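Residue numbers (the numbering used here), protein chains in the order written: chain A, 365 to 646; chain B, 365 to 646.
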């Protein structure tokens, strides 16, 4: 079985490597801050969450509570709000699954079991607590977080956290990962391996992974903010950049238009977690 | 008392923030790699050591073993060798001290007690194990690590780890911190507070802290590699840069001459640890 600290460290390092990779068009990276959200906020957020990843890996149940714990721990040192929400939704079940696994295929199978075993209590905890913290990516309407009726609906219909993700999965890639068994994350880990083996350095492999995942599927955070047409255009441009390589222009354009493909960044974190857990060293 | 995970996370985040601060003349930072040692190696090293900092904070004895554990854990994901050795020597006793402390003055007092209570066993473990790992900064001759007689000398004379640091303290700032009660680290935390309160952003405050500590005392890693005259010149230039602000030229000059003031970077990590432990948020 993967060891608890190794699991938690893989989760944290995945976050550190993802935010450091540069240029990562439209997103915060080691050479690009937003006005109110800097590179250091991401470092602080990641450092704060190690104990929760560890808890997920050592206990592995109460996924709703663990997600809340991670959101709170993200604010241990940084005040910019939760900048890792999508990544938390992916990493908490993956950390819990890793503690019951010795191989990557087992990891995936166990992660599927874990999200399918979430309860209505997980859903309620997730919602109730959610409103008490400053989650940065408020655009994710699994159910409307600000609507008190959401919790009543969950309780009345005994919706599990998995059910809620299912409701959102049509327009949210993170939710879709839960429902479909994390296909993009494991596919991304395979892509990373290919980029790495092709001789790219670590930074370039991560940048290529980001572009490739973005090119393959529109970013749902971009879609929610700017509409699906813009999200499609951004993915088409990512394809073009992968083929022709003018990444700096692409980066500048997205930054100027404030288009940040944050969901794709979350997927990259998930893929890097699988990669590091699988024994990748650099 | 400071909480175990908070202590360990403060240690790790101190490392992350230090290596990220840019430009940090002559050293690896988020925009500058060495040929065989990249920014990512430092991230990987820091992420690997959380469990050992946690162990130091929860058990807090066997300092020699803990230092060895940290050196080994640094290599969990990265293969570039130990790039945090000086920082480990500072952070391990500080983490152990923090678990017995509720305030920063108590932290300092307890850290002094801890290093003074090290044993001959700590010294032997430190030495014996040392040779088995690739410690990057091999220039630190506490006693000659490659000389098997060192261990015999330690045993015969019942030298403690503190005694060994005392031997080295005339030409090694990290050893001097042990002997003198960590004056530069706590002074650095106070300097950081001043830079922060003067309105600098986090990155600039860390860069200023680095320059200030470098200006106040020649870097002993530079002195060991290039002689004390060069080390003095570098410190004099740091003073000049603080007053006149041409940091980019200074950075380029040190990089071109391969002069890396790594001991000063270690001190910055120690100061940032004290800062974060003391409740600093950003």
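Backbone N, C-alpha and C define an ideal beta-carbon position, used for all residues, glycine too. All of these numbers come straight from a predicted model, not from anything done at the bench.
Applying the 10 Å Cβ sphere with the 16-neighbour rule, what's the burial state of residue i?
i	result
residue 610 of chain A	exposed
residue 486 of chain B	buried
residue 419 of chain B	buried
residue 388 of chain B	buried
residue 621 of chain A	exposed
residue 400 of chain A	exposed
residue 607 of chain A	exposed
residue 512 of chain B	exposed
residue 457 of chain B	buried
residue 482 of chain A	buried
residue 467 of chain B	exposed
residue 634 of chain B	buried
residue 376 of chain A	buried
residue 591 of chain B	exposed
residue 561 of chain B	exposed
residue 612 of chain A	exposed
residue 424 of chain B	buried
residue 563 of chain B	exposed
residue 359 of chain B	A query on residue 359 of chain B cannot be resolved here, the shown segment of chain B reaching from 365 to 646 and no further.
residue 534 of chain B	exposed
residue 630 of chain A	buried
residue 351 of chain A	Nothing about residue 351 of chain A can be reported from this structure: the residues present for chain A run from 365 to 646 only.
residue 384 of chain A	buried
Could you please give me the residues that DSSP links to residue i through a beta bridge?
i	result
residue 396 of chain A	A:393
Excluding the five sequence neighbours on either side, which residues of its own chain have a C-beta within less than 7 angstroms of the C-beta of residue i, listed in chain order?
i	result
residue 416 of chain A	430, 433, 434 and 437
residue 462 of chain A	366, 371, 421, 471 and 641
residue 398 of chain B	392
residue 628 of chain A	574, 577, 578 and 583
residue 614 of chain B	389, 601 and 605
residue 475 of chain A	457, 458, 461 and 546
residue 492 of chain A	515
If you follow the alpha helix (DSSP H) that residue i is part of, which residue opens it and which one closes it?
i	result
residue 542 of chain A	537-544
residue 403 of chain B	403-422
residue 574 of chain B	566-580
residue 590 of chain B	584-590
residue 469 of chain B	468-480
residue 637 of chain A	626-641
residue 306 of chain A	Because chain A is modelled from 365 through 646, residue 306 of chain A falls outside the range shown and cannot be assessed.
residue 385 of chain A	Neither: residue 385 of chain A is in no alpha helix (DSSP H) and is coded neither H nor E.
residue 647 of chain B	Past the boundaries of the shown model lies residue 647 of chain B; chain B is included only from 365 to 646, so the question cannot be answered.
residue 528 of chain A	525-532
residue 559 of chain A	547-561
residue 615 of chain B	611-620
residue 623 of chain A	No alpha helix (DSSP H) holds residue 623 of chain A; DSSP gives it neither H nor E.
residue 439 of chain B	That residue, residue 439 of chain B, is in no alpha helix (DSSP H); it is neither H nor E in DSSP.
Using a Cβ-Cβ cutoff of less than 6 angstroms, which residues in the same chain neighbour residue i once the five nearest sequence positions on both sides are dropped?
i	result
residue 626 of chain A	585
residue 409 of chain A	438, 442, 447 and 448
residue 555 of chain A	573 and 576
residue 566 of chain A	646
residue 444 of chain B	401 and 405
residue 632 of chain A	382, 573 and 574
residue 542 of chain A	479 and 529
residue 639 of chain B	553 and 556
residue 395 of chain A	386
residue 414 of chain B	372 and 376
residue 537 of chain B	584 and 627
residue 539 of chain A	529, 532 and 533
Cutting at 8 angstroms between CB atoms, please list the residues of its own chain near residue i, excluding the five before and the five after it.
i	result
residue 593 of chain A	none
residue 412 of chain B	437, 438, 439, 440, 441 and 442
residue 368 of chain A	418, 421, 422 and 463
residue 522 of chain B	484
residue 616 of chain A	none
Going along chain C in order, which residues have a C-beta closer than 9 angstroms to the C-beta of residue i?
i	result
residue 380 of chain A	Absent from the structure is chain C; the protein chains it does hold are A and B.
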